[in-house]
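Here is the structure we will look at.
2 protein chains.
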Amino acid sequence: MDLRALHRVSAVEAARGIREGVFTSLELVQACLARVREVDGAVQAWAFLDAEHALDQARAADELRMSGQPVGALHGVPVGIKDIIDTADMPTENGSVLHAGRTPSRDASVVSLLRAAGAVIMGKTVTTEFATRTPGKTRNPHDPAHTPGGSSSGSAAAVAASMVPLALGSQTTGSTIRPASYCGVYGLKPTHGLIPRHGMFRLSRTLDHVGLFARTIEDIALLLEELAAHDERDPDSRPRARTPYRAVAAGEPPLAPMFAFVKSSLWDRVDADAREAFAELVADLGDRVEEVELVTPTDEVLAWQRAIGGAEIAINLGREWDKGRDKLSPALRARIEHGREVRAMDYLRALGRIPELNLSLTEMFEQRYDAILTPAAFGTAPKGLESTGDPAFCALWTLCGVPALSVPLMQGANGLPLGVQLVGARHRDGQLLRTACWLVAHLSSDR
Amino acid sequence: MDLRALHRVSAVEAARGIREGVFTSLELVQACLARVREVDGAVQAWAFLDAEHALDQARAADELRMSGQPVGALHGVPVGIKDIIDTADMPTENGSVLHAGRTPSRDASVVSLLRAAGAVIMGKTVTTEFATRTPGKTRNPHDPAHTPGGSSSGSAAAVAASMVPLALGSQTTGSTIRPASYCGVYGLKPTHGLIPRHGMFRLSRTLDHVGLFARTIEDIALLLEELAAHDERDPDSRPRARTPYRAVAAGEPPLAPMFAFVKSSLWDRVDADAREAFAELVADLGDRVEEVELVTPTDEVLAWQRAIGGAEIAINLGREWDKGRDKLSPALRARIEHGREVRAMDYLRALGRIPELNLSLTEMFEQRYDAILTPAAFGTAPKGLESTGDPAFCALWTLCGVPALSVPLMQGANGLPLGVQLVGARHRDGQLLRTACWLVAHLSSDR
C-alpha cells in the first residue's frame, strides 16, 4: 500500500487497516497531516490543529492495539470536530471573537463517544459565527473562489479535501446538508435527538442537530452507529435499542425503493443547470419516482422556522447580546433583534405545527415512499466568500427532525458538485442510508 | 356491616370488601348515590351524574367478579372525574358554556386506566371555567358559605363529603392542593409527567398535572399505582419501572424523616390562626424540622409561572378566544390578553429556570431533608363563593414538577380544615407518601 495515499482511505478501510495491522494509526494521521500541509493553505478548514497532539493520540492508539486490548470501531481513525463542539484538550471558540481562547473543561457527549470508540480527535474545524450565517475563512476545496457552504464549513471541506475521513458538524437550518452538497461529500442530519448534543453550542433546542460528514455512505453509517446514544443531559435524547446502522445500510431493500420528488415552491429559484440535472435523475429513476406536492406552503414553514429559531437563538445568545453585541456581526445582531420580539404565542403556535407536519410526512412514508428526493441547495456552491448560500431547501426537514442525507451524485455546469437530498422517516435513519445505497448503485449501473 | 354507612369506606376497604364478597359494587355505589342525594343539594359537587349509568357499571363489575374472572385493584370502586377529563360515555364540558354539551368520543388515558382497573366512573365533578379561577357552583362541604377551593372544586368536595372515596382533579398552579386543604382531604399532585394527561383539557403542557383526591394516604397510593403509566400521547410521559406505591408508602422510613419548614416571603400574608397552627406543628416535630429559606425569591417564581402559564394558556385557549371570547369570564379574558403579549424570550427564560430551581431542590433533598413542609394555602377556605382562594403557595412546586401532597392535619379558628403541604423530590412520590404516613402517625401518637 502506498502510504502517501493513505489520507484517501475511508474510515471503514482505515479502521480495518489499523485493526489488522496493515498500517498504523500513526501512519494514517501522518498522511492526513501531510495532506493538510499540502492543501489547507488554500482551503483553510481548520480553526485549531495541533499536529503533535494528533500524533500523540495516534501513537497511544497504536500502543493500545499492540498491547492486545480490545479496540473500538474507530480505533486510530482521525475525526475533525466543528468548533462549536466542546473538546477538553483543544479550544472551542464557536466562530466568534467573543469566545476567543475559550477552553472548555469537558468533552461534548459526541467527543466522549468518539474517544470511547478509539478515534483520534484531529482538530477543530472552522464554523461560521456561532453556527449562523456569517462566514469563517474556509474555501471550497473544488474551487477556492467559491464558498464551501456553512455553517459546518470546515468539516465539509476537510472531508472533501481528504484531510480526514470523517468530521462532525451541526445543522439548525441547513448547516450540514448545504456544505455537504457544495463540497461533494455525504452529509447526514440524523433524526432529531438521536445523537446527543450535550456540550455543543446551543442555538436552538428545537432545531439543533449534530451532523455527520464522510466520503462514503458506509462511513456515515459507521459514525452514526458510534454516536447514536442516550444522554440525559440532552433533553431531547431518549433511550433506544441500539441499531446496527452499517448492517441496515448495507442490506438489500425488500423492494426497489420508491421516491417522492418534492420540488416545492422554491423550485423556480433553482439554478437552470441544477434543474436539468434533476430532470435527468428523475428520468433515470423512471417509475421509481413520482412528483409530489406537499400540503403545507414552504413560505409558512419558513416563517415557523424563523419564529422558533429566532426566539431560541435570542435566548441562547442572550449573554453575548448583553455583554458584547458590538462584537456580533450585523446580520446576527439583526437576527437576534428579530428573535427578541417574537411573541410566545407565535413561537408556541409554530412549535405546535411540528407534530402536524410530521403526521403528514409519516403518512407519505408509510403509504408509498421510501424517501423524499429534493435539492440540497439551489445549485452548486455560489461564487464568493461573503455568503455561505441559502439553506431554504433544508428548513422543513430540520423543523420536522426527520433524517436527511446529501448524496454527492451530480455536477453543475461549472463542474462543481451538486448534492441530492434524500429525506426519510423519523428514526428510520438506517433505512434512509440503505435507500441512498440503492440509489447510488442504481445510477452507476445505469450510466 | 351497616350498608347505610358504606359510602364512608376507603377505596382500599371498598376494593377488598368487593373482592372478598363482603359487599357488592352495587351496594357500594347505591350507598354513594344515597349520600349524593343526601348532601349534594348543598354541596353541588357534580357537573354530570347519571345514577342509572353508575349502577349499570356496578352491576357489570359484580357480574364479572361472580364469573370468576380476575379483577383489577379498583374493581367496583366508584371514582369521580373532574369535568376537564374526557369520558366517552359522559359529557365533558370543561366548565365553560363554550363547551356545553361537548361529548368526547374517547376516554382520557386516566379514565381508560381506571376502567382497566375495574373502577366505576361515577360521574363528572365540577370544575372552574377551563380549570382556571372563575368558580363553578360547588360549595365547601364543611360550610356551604365557603369556597371549596378550585379548580378541582367538585372532586375535593365529593371526596370530603364521602360521595365517592376517590376523585381525579388537575393542577396547573394550585388546583389540587388548595381544594384538598380547604375541604380536609388528601390531595396529591404527583411528579410532572408521571400520570399521562392525554384527553385532559390542556391549559399548559409545562404546568398541567393530573391530581388525586382521597380520604386516606393508602387510597392515594392505590390510585397512583393504577395511574402512573407511560403514554406516548403525553409528550412529557416517559417509560419507567412500575413502582409499588402502596408498599413504599406503608414502609417504615429507615430514619425518622427530617422536614424543611419553608415559610417563604408569602408567610406575612398567612392568616394568624394558620400561623399558630404551624407553630404548634413545628414545635411538635422538635429536632425533626428546621426552618429553611429558599434562595429564589417567591416573587420571581410567581413571575416565571405567570409568563409560562400565560403564554401557554393563550395558545391552548386560542380557538375559544377566536370564536367566543365574549363567553369567557372577564378574568380569563384578561389572563389570555396578558398571555398573548408575553414575549418568547421571557417565556423561554422562565422555562430555563425550571431545571435550575430543580437543581437546588434536589440538593436539599439529597443532602438533608425528606420533605419540605409548607402551607397548602394562606388559611382555611375563604368565605364566599366568588373566589376559589389564592394558589400562590403551590406555584413553585407546580413549576418544578415535584410531588406535593396536602395532608388534612389541622383546623383553623373557624373549625374549617387546614392542610399541611408536603413536597418531595422528583419521582420520589412513594417516599413522599411514606413521609406523610410517618407525620400523621407521629402527630396522633403525640397528641
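Protein sequences appear in the order of chains A and B.
Taking the working numbering, the leading residue of the first sequence gets 10, the next gets one more, and so forth.
Taking the working numbering, the leading residue of the second sequence gets 10, the next gets one more, and so forth.
Beta carbons: idealized from backbone N, C-alpha and C, even for Gly.
All of these numbers come straight from a predicted model, not from anything done at the bench.
- Which value, in whole angstroms, describes the spacing of the CA atoms of residue 442(B) and residue 220(B)? The residue given as residue 442(B) occupies position 433 in the second sequence. The residue given as residue 220(B) occupies position 211 in the second sequence. Their Cα atoms are separated by approximately 14 angstroms.
- Any contact of the region 80-95 of chain B with the region 225-236 of chain B, i.e. 3+ C-beta pairs under 8 angstroms? yes
- Task: Note down, in chain order, all residues in the region 315-335 of chain B with a beta-carbon under 9 angstroms from any beta-carbon belonging to chain A.
- Result: 316, 317, 319, 320, 321, 323, 324, 325 and 327
- Message: So, with DSSP's three-state summary, where would you put residue 16(A)?
- Response: Mapped onto the first sequence, residue 16(A) falls at position 7. Three-state result, residue 16(A): helix.
- Query: In the region 351-365 of chain B, which residues sit with their C-beta less than 8 angstroms from some C-beta in chain A, listed in chain order?
  - Reply: 351, 352, 353, 354, 355, 356, 357, 358 and 361
- Message: Can you tell me whether residue 78(B) is buried or exposed? The criterion is at least 16 other CB atoms within 10 Å of its CB, across all chains shown.
- Response: For the purposes of this step, residue 78(B) is identified with residue 69 of the second sequence, where counting begins at 1. Result: exposed.
- Message: Just to make sure I have the definition right: I need the residues of chain B whose C-beta is within less than 7 angstroms of the C-beta of residue 13(A). Which are they?
- Response: Locating residue 13(A) in the first sequence gives position 4, where the first residue counts as 1. In chain order: nothing, as chain B lies at least about 52 angstroms away.
- Task: Verify the CB distance criterion: does residue 211(A) have a CB-CB separation below 8 angstroms to chain B?
- Result: Along the first sequence, one-based indexing puts residue 211(A) at 202. No, no contact with chain B.
- Message: Between residue 208(A) and residue 163(A), how many whole angstroms is the CB-CB distance? I'm expecting something under 8 angstroms.
- Response: One-based indexing of the first sequence puts residue 208(A) at position 199. One-based indexing of the first sequence puts residue 163(A) at position 154. In fact, because the Cβ distance is near 18 angstroms, the residues do not count as touching under 8 angstroms.
- Hey, does residue 349(B) have any beta-carbon neighbour from chain A nearer than 8 angstroms? In the second sequence, the residue the question calls residue 349(B) occupies position 340. Taking Cβ atoms only, chain A reaches closer than 8 angstroms to residue 349(B), which makes this a yes.
- Message: Between which two residues does the alpha helix (DSSP H) holding residue 396(B) run?
- Response: One-based indexing of the second sequence puts residue 396(B) at position 387. Run containing residue 396(B): none; DSSP gives neither H nor E here.
- Message: Less than 6 angstroms between C-beta atoms, sequence neighbours within five positions excluded: which residues of the same chain meet that for residue 197(A)?
- Response: For the purposes of this step, residue 197(A) is taken as residue 188 along the first sequence, with counting starting at 1. Excluding residues within five positions, the ones whose Cβ falls inside 6 angstroms are 221, 229 and 414.
- Task: May I ask you to report which of helix, strand or coil DSSP gives residue 434(A)?
- Result: For this step, residue 434(A) is matched to residue 425 along the first sequence. The answer is coil: DSSP assigns residue 434(A) none of H, G, I, E or B.
- Work out the CA separation of residue 22(A) and residue 311(A) for me, nearest whole Å. Stepping through the first sequence from its first residue, residue 311(A) is reached at position 302. Stepping through the first sequence from its first residue, residue 22(A) is reached at position 13. C-alpha separation (whole angstroms): 41 angstroms.
- Task: Measure the Cβ-Cβ separation of residue 134(A) and residue 67(A) and say whether it is below 8 angstroms.
- Result: Counting from 1 along the first sequence, the entry for residue 134(A) is found at position 125. Counting from 1 along the first sequence, the entry for residue 67(A) is found at position 58. Going by C-beta atoms, residue 134(A) is not nearer than 8 angstroms to residue 67(A).
- Message: For residue 369(A), report the span of its alpha helix (DSSP H) as first-last.
- Response: Looking up residue 369(A) in the first sequence gives position 360. Looking at the DSSP string, the run of the alpha helix (DSSP H) that includes residue 369(A) is 353-376.
- Message: Please tell me whether residue 159(A) and residue 144(A) are closer than 8 angstroms, where the distance is taken between their beta carbons.
- Response: Residue mapping note: residue 159(A) aligns to position 150 of the first sequence, counting from 1. Residue mapping note: residue 144(A) aligns to position 135 of the first sequence, counting from 1. Yes, the Cβ-Cβ distance between residue 159(A) and residue 144(A) is below 8 angstroms.
- Message: Using the Cβ count rule (16 or more neighbours within 10 Å means buried), how would you classify residue 215(A)?
- Response: Translated into positions along the first sequence, residue 215(A) becomes position 206. By the 10 Å Cβ count, residue 215(A) comes out buried.
- Do residue 396(B) and residue 156(B) have their CB atoms nearer than 8 angstroms? As a working mapping, residue 396(B) is identified with position 387 in the second sequence. As a working mapping, residue 156(B) is identified with position 147 in the second sequence. Yes, Cβ-Cβ distance for residue 396(B) and residue 156(B) is below 8 angstroms.
- Does the distance from the C-beta atom of residue 377(B) to that of residue 267(B) stay below 8 angstroms? Within the second sequence, numbered from 1, the residue matching residue 377(B) stands at position 368. Within the second sequence, numbered from 1, the residue matching residue 267(B) stands at position 258. Their beta carbons are under 8 angstroms apart, which means residue 377(B) touches residue 267(B) by this criterion.
- Grab the span of the alpha helix (DSSP H) containing residue 307(B) for me, first residue to last. Translated into the one-based positions of the second sequence, residue 307(B) becomes position 298. Looking at the DSSP string, the run of the alpha helix (DSSP H) that includes residue 307(B) is 307-325.
- Item | Check whether residue 370(B) and residue 409(B) have beta carbons under 8 angstroms apart | Here residue 370(B) refers to the residue found at position 361 when the second sequence is read from its first residue. Here residue 409(B) refers to the residue found at position 400 when the second sequence is read from its first residue. Cβ atoms of residue 370(B) and residue 409(B): closer than 8 angstroms.
- Continuous alpha helix (DSSP H) assignments of at least 4 residues falling wholly in the region 172-216 of chain B: 186-192
- Message: Rounded to whole angstroms, what is the Cα-Cα separation between residue 334(A) and residue 342(A)?
- Response: Numbered from its first residue, the first sequence carries residue 334(A) at position 325. Numbered from its first residue, the first sequence carries residue 342(A) at position 333. Taking the straight line from one Cα to the other gives about 7 angstroms.
- Message: So residue 392(B) and residue 154(B) are supposed to be a Cβ contact under 8 angstroms. How far apart are they, rounded?
- Response: Here residue 392(B) corresponds to residue number 383 of the second sequence, with the count starting at 1. Here residue 154(B) corresponds to residue number 145 of the second sequence, with the count starting at 1. So it is a contact: roughly 6 angstroms between Cβ atoms.
- Starting from residue 37(B), follow the beta strand (DSSP E) in both directions and report where the run begins and ends. Translated into the one-based positions of the second sequence, residue 37(B) becomes position 28. Careful: residue 37(B) lies outside any beta strand (DSSP E), inside the alpha helix (DSSP H) at 34-52.
- Selection from 112(B), 363(B) and 338(B) that minimises the alpha carbon distance to residue 411(B): On the second sequence, residue 411(B) is found 402 positions in, with the first residue counted as 1. For the residues 112(B), 363(B) and 338(B), the minimum Cα distance to residue 411(B) belongs to 363(B).
- Within this structure, are the beta carbons of residue 95(B) and residue 65(B) separated by less than 8 angstroms? Your numbering for residue 95(B) matches position 86 in the second sequence. Your numbering for residue 65(B) matches position 56 in the second sequence. No, they are not a contact pair.
- Express the C-alpha separation of residue 322(A) and residue 401(B) in angstroms, rounding to a whole number. As a working note, residue 401(B) is residue 392 in the second sequence. As a working note, residue 322(A) is residue 313 in the first sequence. Taking the straight line joining both Cα atoms gives about 32 angstroms.
- Item | Exposed unless 16 or more other CB atoms sit within 10 angstroms - verdict on residue 265(A) | By 1-based counting over the first sequence, the position of residue 265(A) is 256. So residue 265(A) counts as exposed.
- Item | Nonlocal neighbours in the same chain, by C-beta distance under 8 angstroms from residue 213(A), ignoring five residues either side | If you number the first sequence from 1, residue 213(A) lands on position 204. Excluding positions up to five away in sequence, the list reads 181, 317, 318, 321, 322 and 325.
- Task: Report the partner residues of residue 220(A) according to the DSSP bridge assignment.
- Result: In the first sequence, counting from the first residue as 1, residue 220(A) sits at position 211. Looking at the DSSP assignment, residue 220(A) forms a beta bridge with 178(A).
- Task: Would you mind stating whether residue 349(B) and residue 141(B) have Cβ atoms separated by less than 8 angstroms?
- Result: Reading the second sequence from its first residue, position 340 is the one you call residue 349(B). Reading the second sequence from its first residue, position 132 is the one you call residue 141(B). Contact flag unset, no.
- Item | Nearest to residue 18(A) (by Cα), restricted to the options 283(A), 223(A), 380(A) and 439(A) | Here residue 18(A) corresponds to residue number 9 of the first sequence, with the count starting at 1. For the residues 283(A), 223(A), 380(A) and 439(A), the minimum Cα distance to residue 18(A) belongs to 223(A).
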